[in-house]
Amino acid sequence: MSSLLSTSSSISRKKYDVFLSFRGEDTRKNFTDHLYDALNRTGIVTFRDDPKLETGEEIAPELFNAIQQSWCSVIVFSETYAFSGWCLEELAEIVKQKNDKGHKVFPIFYHVDPSDLRKQKEKVEEAFAKHEERYKEDKDKIQKWRNALTEVANIKGWHLNNRHESEFIRDVVKKISAKLCQTYPVVHDELVGISLHLEELYSKINIGEDDVRIIGICGMGGIGKTTLARVAYTQMLAHFQGKCFLADIREVSNKHGLVSLQKQLLSQIFPDECFNFFNVHDGNAIISHRLSGKKVLVVLDDVDNIQHLKCLVGRRDWFNLGSRIIVTTRDEHLLRSYRINDVYKPTTLNPNDAIRLFNLKAFGGDTTPKVDFIELSEHVVHYADGLPLALEVLGSFLCGRDIVQWRSAIERLKQDSNKEILDTLRISFDGLEEREKNIFLDIACFFNGEKKDLVIKVLDGCGFFPDIGVDVLIKKSLIKVSNDNQYLRMHALLQEMGRKIVEEKCVDKPGKRCRLWKERDVHHVLTKNTATEVVESMIIDNKWKSSKIFNLSADTFSKMKNLRLLKVFCVSNCDDHLKYLSTELRLLDWTGYPLKFLPSNFHPDNLVALLLPYSHIEQLWKGDRPLFKLKMINLKGSQNLIKTPDFTTAPKLEALIIGGCTRLVDVHPSIGVLKSLKLLNFRDCKSLRSLPTKIGMESLETLILSGCSNLERFPDIDGKMEHLKTLHLSGCFKVEYLPENLQQAESLEELDLSETSIKEPPSFISQLKNLKVLSFSGCKGPSYKSRSNLPFLFKVIQGRRTNPIAPMLPLLSGLSSLRKLNLRDCNLCKGDIPRDISGLSSLIHLDLSGNNFISIPASLTQLSKLSFLDLSNCNMCTLGEADIHGLSSFLSSLSYLYLRGNYFITIPLALTQLSRLKLLGLSNCKMLKSLPELLTSIADLRIDDCSSLEVVASPSKVRNLEDRGIIRAINCFKLAENINALTLLKKYRKVD
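Per this note's numbering, the sequence shown runs over residues 3 to 994.
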């Protein structure tokens with residue numbers, strides 16, 4: 003079998019596909035001979051040594067060359083294989099090529115047990131005894147053979163066991179064929195970046211299995227689906243009895259019908275026959291009958307209708323075992339609904355491959371452009387955003403043109419997109435339903451990169467049914483969702499295509515377009531007063547003229563009766579008031595809204611999201627307003643806000659963000675009964691004194707009151723609040739207790755009580771089984787104001803409470819889900835840490851800094867999953883071997899250890915036993931004089947302001963400090979007098 007395809011880089015072709023290694027005495031005239039013939043019949047080019055070569059004691063050079071010129075080796079381990087020094091020398095060379103060059107190795111265990119080979123016992127032991135006797139003076143050779151045998155015997159191979167040899171050989175050849183498909187390099191230099199795609203695609207095709215497999219290749223137009231399918235098809239076709247590549251099925255079907263495609267399928271697989279039928283039903287019958295006895299490879303390219311699959315693929319039982327069908331499409335749902343085996347989604351090219359492909363097209367074989375063209379090339383590649391089609395089209399267009407023409411073409415791209423590219427992309431858009439087209443255009447013009455949750459809410463308010471519509475766009479490869487499922491993304495060229503569609507509706511009169519986003523067009527419409535009722539959506543942004551203030555008149559929006567979406571992102575001035583805002587508004591997003599009130603005649607009947615962060619608003623409106631569709635309010639940073647409205651008429655409100663509203667004193671009591679509210683954020687509302695005495699927000703998931711320094715009490719809870727997951731009260735200095743029935747918030751995962759007046763952690767905390775993060779930092783217990791009168795260090799008294807002013811910590815053993823615990827600055831001493839802290843089996847992050855521990859609390863050593871430990875500023879005077887030994891024995895996962903600001907003089911050598919430690923923080927340890935040999939895995943050592951530090955490890959003893967290791971050593975003046983220290987700092991370059 004010849005190697006047909008290749009990576010983007012030039013790779014020399016191997017002479018052989020397979021090198022066959024075997025013991026001639028055992029298998030040459032039987033098993034190996036049959037295997038060799040079967041491989042060659044399949045088209046696999048196989049090297050087998052000539053018996054005439056097997057003379058003398060040294061292996062012939064021809065065999066070494068053959069191994070080096072083969073893609074893989076198949077090793078037939080037989081009973082006396084290890085008795086042949088020739089075979090073992092061959093094996094050692096194979097292992098060398100495997101380790102050095104990625105040579106593939108496939109062992110066959112022919113009537114031998116691989117464990118005997120690995121352990122080298124029974125006959126293998128006998129064989130090596132003879133070799134050792136024969137090569138007494140060359141022990142290295144024997145060890146090399148032993149190592150090679152062990153290494154290959156550990157590779158998962160194929161066992162004959164009690165199977166028929168003919169059946170076994172057929173299976174072996176199939177599997178080798180499949181493996182070879184994945185290891186062949188590609189020879190076409192223009193197929194940049196295809197190797198990884200092929201490897202992943204082949205893993206799904208799995209050519210070695212005897213099932214019928216249908217694989218989809220799905221992605222946006224121009225991403226390379228057809229190219230990938232054609233490359234895979236060409237590479238695999240030798241493994242099948244029949245083959246067919248049906249190109250451009252969408253177009254051919256529209257022009258000539260499905261029957262023509264059925265005939266084409268049959269004619270390619272049976273080229274010597276003529277098929278006459280005139281309807282799809284007869285075609286189905288013939289295809290299912292004729293293909294059921296033939297192992298075939300079929301590619302269906304550019305499928306866009308389920309009928310294509312029904313008429314060309316039908317059911318799996320139409321095909322013989324081992325057949326493979328590859329389907330390329332832009333519509334993933336089409337594939338999933340047909341229950342195909344798997345889907346592969348090619349990605350856009352990474353920046354390096356993108357520039358290489360563009361350079362190949364723009365500069366021919368010279369992939370290194372002249373200096374004058376480099377920056378211009380980067381502009382074009384950025385525009386293409388990794389899409390192979392765009393890179394090829396633009397590169398070919400610019401090829402051979404001078405630099406003036408390049409600049410002109412790039413400027414033109416900013417105004418007029420390339421028609422060939424956009425026409426290819428538009429095919430997917432034209433197949434959408436009207437509502438889906440509107441969703442696509444809204445995302446292209448306004449919501450690309452926005453939070454999915456917000457977009458869904460707003461578009462649902464527009465009547466577009468986005469729950470299904472967005473999924474349709476995702477399945478048709480028109481939009482994507484970020485990996486965390488939070489944001490909607492659209493490829494830059496798809497976005498440009500969508501915006502072009504909108505502009506084409508009325509090229510010369512932007513005021514008659516449904517969507518406006520370009521600064522130039524918006525400026526024209528607003529200053530010339532040319533807006534019409536057609537305008538549904540608008541973005542006002544003068545980011546390119548950031549020094550100017552956008553002046554809006556009272557009548558700015560008066561003509562826009564159907565305005566659905568309004569975003570204002572610029573510094574703006576209005577007259578004393580706005581006369582009109584459309585009642586059709588679903589989204590009002592105006593950063594820095596300049597007025598004190600919303601228009602008095604604004605009726606937000608359809609409003610879904612009201613986003614006015616950093617506004618000048620004092621009160622949203624006076625009196626009642628119909629807010630029955632409102633789901634989100636964001637008034638963050640609106641420092642003039644003094645009161646909130648009555649929320650009774652907003653029963654669907656899900657998110658209320660009023661953080662940073664520093665003049666807000668209290669809120670309307672109706673907030674306490676918002677049954678749909680999920681997020682309530684009052685962060686840094688420093689004047690806020692009270693909330694409703696009782697809250698019953700049964701859907702609430704997140705409540706943030708951090709920084710509400712004048713809030714006097716936490717409200718009582720009416721009901722369970724069973725959905726509450728996050729509660730932040732840090733910096734609520736006057737809050738002294740939490741209601742006991744908060745223990746019913748069984749879903750609570752994050753609780754922050756830092757810097758409150760809560761004297762003791764609530765006893766019910768241990769009952770919060772789902773709690774993952776608990777912060778109690780800065781809570782110093784009763785009489786904490788007298789802390790300055792305490793002795794600098796607390797004396798440890800065994801068996802009794804050591805610090806009467808520290809908070810009493812509750813039992814912790816019930817918090818099996820807790821991952822992060824913050825007890826910073828709590829006046830704790832060693833005896834204040836509950837012994838049952840060892841029961842926190844999931845704890846990863848523990849902050850005990852700013853407390854008073856003479857040594858490391860012994861109970862910490864049982865936290866086996868702990869990765870982060872901070873014991874900074876804990877007044878520790880000694881750090882003994884026993885302390886560190888305890889850590890190293892149990893804290894095997896510890897990666898980050900902070901011991902800053904303590905008073906020990908030395909660091910125990912046992913610290914080197916923390917093998918996973920990546921960061922060691924010792925900054926501001928003023929009395930520290932010496933460091934032990936550094937750890938092998940450490941990447942970041944921080945010793946800033948260790949003014950007494952004199953001795954560090956000898957550079958020769960610093961083992962494998964990572965290449966990117968950093969040593970931070972600011973103000974370590976005494977180190978300058980130590981030659982070893984200077985050598986070390988010089989060796990590990992990155993020194994702050």
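By construction, the Cβ of each residue, glycine as well, lies at the ideal position given by its N, Cα and C atoms.
With DSSP run on the structure shown, which of helix, strand or coil describes Glu92? Along the sequence shown, one-based indexing puts residue 92 at 90. In the structure shown, Glu92 sits in a helix (DSSP, three-state: H, G or I).
Whole-Å CB distance - Phe599 paired with Gln621, under 8 Å assumed: Numbered from its first residue, the sequence shown carries residue 599 at position 597. Numbered from its first residue, the sequence shown carries residue 621 at position 619. Right, the Cβ-Cβ distance comes to about 6 Å (below 8 Å), so this counts as a contact.
For Ala611, list the residues DSSP reports as bridge partners. Here the question's residue 611 lines up with position 609 in the sequence shown. The partner list for Ala611 (beta bridge, DSSP) reads Leu589, Met634.
Extract the residue ranges of the alpha helix (DSSP H) inside the segment 223 to 306, only unbroken runs of 4 or more that lie entirely within it. 227 to 238, 251 to 258, 260 to 271, 282 to 293
Minimum length 4: unbroken alpha helix (DSSP H) runs contained in the segment 358 to 432: 373 to 386, 390 to 400, 405 to 417, 421 to 432
Outcome for Ser10 when other beta-carbon atoms lying within 10 angstroms are tallied against a minimum of 16: Counting from 1 along the sequence shown, the entry for residue 10 is found at position 8. Here the model assigns Ser10 a pLDDT of 32, short of 50, so the residue's position is not dependable, and the following value carries that caveat. That one is buried.
Taking the alpha-carbon positions, what's the Thr57 to Ile46 distance? Counting from one through the sequence shown, the residue named residue 57 turns up at place 55. Counting from one through the sequence shown, the residue named residue 46 turns up at place 44. With a pLDDT of only 47 at Thr57, under the threshold of 50, the placement of this residue in the model should not be trusted; the figure read from the coordinates follows. One C-alpha to the other measures close to 28 Å.
Could you give the residue range of the beta strand (DSSP E) that holds Gly218? By one-based count along the sequence shown, residue 218 stands at place 216. Element bounds for Gly218: 215 to 220.
State the DSSP-derived secondary structure class of Tyr18, mapped to helix, strand or coil. Locating residue 18 in the sequence shown gives position 16, where the first residue counts as 1. Correct three-state label for Tyr18: strand.
Tell me the residue span of the alpha helix (DSSP H) that contains Tyr38. As a first step, residue 38 is located in the sequence shown; it is residue number 36 there, counting from the start. Note, Tyr38: alpha helix (DSSP H), 33 to 43.
For the 8 Å Cβ check, are there 3 or more pairs between the segment 407 to 426 and the segment 463 to 482? no
Who are the near neighbours of Leu693 in its chain, counting only those whose CB is closer than 6 Å to its CB and skipping five residues on each side? Locating residue 693 in the sequence shown gives position 691, where the first residue counts as 1. So the list reads Pro717, once near-sequence residues are dropped.
Between which two residues does the alpha helix (DSSP H) holding Asp473 run? Within the sequence shown, residue 473 is the residue found at index 471, counting from 1. Its alpha helix (DSSP H) spans residues 468 to 477.
Per the DSSP calculation, Gly625 is bridged to which residue(s)? Along the sequence shown, read from residue 1 onward, the residue named residue 625 stands at position 623. In the DSSP output, where bridge partners are listed per residue, Gly625 has none listed.
Taking the C-alpha atoms as reference points, what is the distance between Asp827 and Asp834? The residue labelled residue 827 in the question sits at position 825 within the sequence shown. The residue labelled residue 834 in the question sits at position 832 within the sequence shown. Cα-Cα distance, rounded: 13 Å.
Bridge partners of Gly923, per DSSP? The residue you call residue 923 lines up with position 921 of the sequence shown. Tyr900, Arg944, per the DSSP bridge assignment.
First through last residue of the beta strand (DSSP E) which encompasses Ile968: Translated into positions along the sequence shown, residue 968 becomes position 966. Here the beta strand (DSSP E) through Ile968 covers 968 to 970.
Would you call Ile907 buried or exposed, if buried means 16 or more other Cβ atoms sit within 10 Å of its Cβ? Here residue 907 refers to the residue found at position 905 when the sequence shown is read from its first residue. Exposed, by the Cβ-count rule.
Reduced DSSP category for Asn824 - H, G, I as helix; E, B as strand; rest coil: Counting from one through the sequence shown, the residue named residue 824 turns up at place 822. Asn824 falls in the strand class under three-state DSSP.
Roughly how many whole angstroms lie between the Cα atoms of Trp147 and Lys125? On the sequence shown, position 145 is the one that residue 147 refers to. On the sequence shown, position 123 is the one that residue 125 refers to. Cα to Cα, the separation comes out at about 15 Å.
By Cβ distance below 6 Å, which residues in the same chain neighbour Gly397 in space, the five residues on each side in sequence not counted? On the sequence shown, position 395 is the one that residue 397 refers to. Answer for Gly397: Phe360, Lys363, Ala364, listed in chain order.
Could you tell me if Arg136 is buried or exposed, where buried requires 16 or more neighbouring beta carbons within 10 angstroms of its beta carbon? Here residue 136 refers to the residue found at position 134 when the sequence shown is read from its first residue. When all chains shown are included, Arg136 counts as exposed.
In this structure, does DSSP put Asp109 in helix, strand or coil? On the sequence shown, position 107 is the one that residue 109 refers to. At residue 109 the sequence reads Pro, which differs from the Asp that was named. Reduced to three states, the DSSP call for Pro109 is strand.
Outcome for Leu323 when other beta-carbon atoms lying within 10 angstroms are tallied against a minimum of 16: Here the question's residue 323 lines up with position 321 in the sequence shown. Leu323 comes out exposed.
With distances taken between CB atoms, is the gap from Tyr18 to Phe49 smaller than 8 Å? One-based indexing of the sequence shown puts residue 18 at position 16. One-based indexing of the sequence shown puts residue 49 at position 47. Against a cut-off of 8 Å, the Cβ pair of Phe49 and Tyr18 comes out as a contact.
Please check the pair Leu518 and Val537, which I expect to be a contact at CB under 8 Å, by giving their CB distance rounded to whole angstroms. Against the sequence shown, residue 518 aligns to sequence position 516. Against the sequence shown, residue 537 aligns to sequence position 535. Sure, about 6 Å apart at Cβ, within 8 Å.
What does DSSP give as the partner residue(s) for Phe79 in the beta ladder? On the sequence shown, position 77 is the one that residue 79 refers to. Phe79 pairs with Phe111.
Give the DSSP-derived three-state secondary structure of Trp519 in the structure shown. If you number the sequence shown from 1, residue 519 lands on position 517. Note: Trp519 maps to coil in three-state DSSP.
Given a cut-off of 8 Å, decide if Gly661 and Lys638 are closer than it, judged by their beta-carbon atoms. For the purposes of this step, residue 638 is taken as residue 636 along the sequence shown, with counting starting at 1. For the purposes of this step, residue 661 is taken as residue 659 along the sequence shown, with counting starting at 1. Result yes, Cβ atoms of Lys638 and Gly661 sit closer than 8 Å.
Report the three-state DSSP secondary structure of Ser168 (helix, strand or coil). Your numbering for residue 168 matches position 166 in the sequence shown. Helix at Ser168.
With burial defined as no fewer than 16 other Cβ atoms inside 10 Å of the residue's Cβ, what is the status of Ser790: buried or exposed? Walking along the sequence shown from the start, residue 790 turns up at place 788. Unreliable positioning characterises Ser790 in this predicted model, as indicated by a pLDDT of 34, which lies under 50. The coordinate reading is nonetheless provided below. When all chains shown are included, Ser790 counts as exposed.
Ignore the nearest five residues each way along the sequence and tell me which others in His105's own chain have a CB closer than 8 Å to its CB. To locate residue 105, count along the sequence shown from 1; it is residue 103. Cβ within range, chain order: Ile69, Ser72, Trp73, Cys74, Ser75, Ile96, Gln99.
Which of the three DSSP states, helix, strand or coil, is assigned to Leu568? For the purposes of this step, residue 568 is taken as the residue at position 566 of the sequence shown. In the structure shown, Leu568 sits in a strand (DSSP, three-state: E or B).
The alpha helix (DSSP H) that contains Leu496, what's its start and end? Position 494 of the sequence shown holds residue 496. Segment 494 to 507, the alpha helix (DSSP H) holding Leu496.
Might you give, ordered along the chain, the residues of its own chain that have their beta carbon closer than 6 Å to the beta carbon of Asp607, omitting 5 neighbours on each side? Translated into the one-based positions of the sequence shown, residue 607 becomes position 605. Result list for Asp607: Thr585, Pro628, in chain order.
The segment 512 to 528 in contact with the segment 452 to 465 per 3-pair CB rule at 8 Å: no
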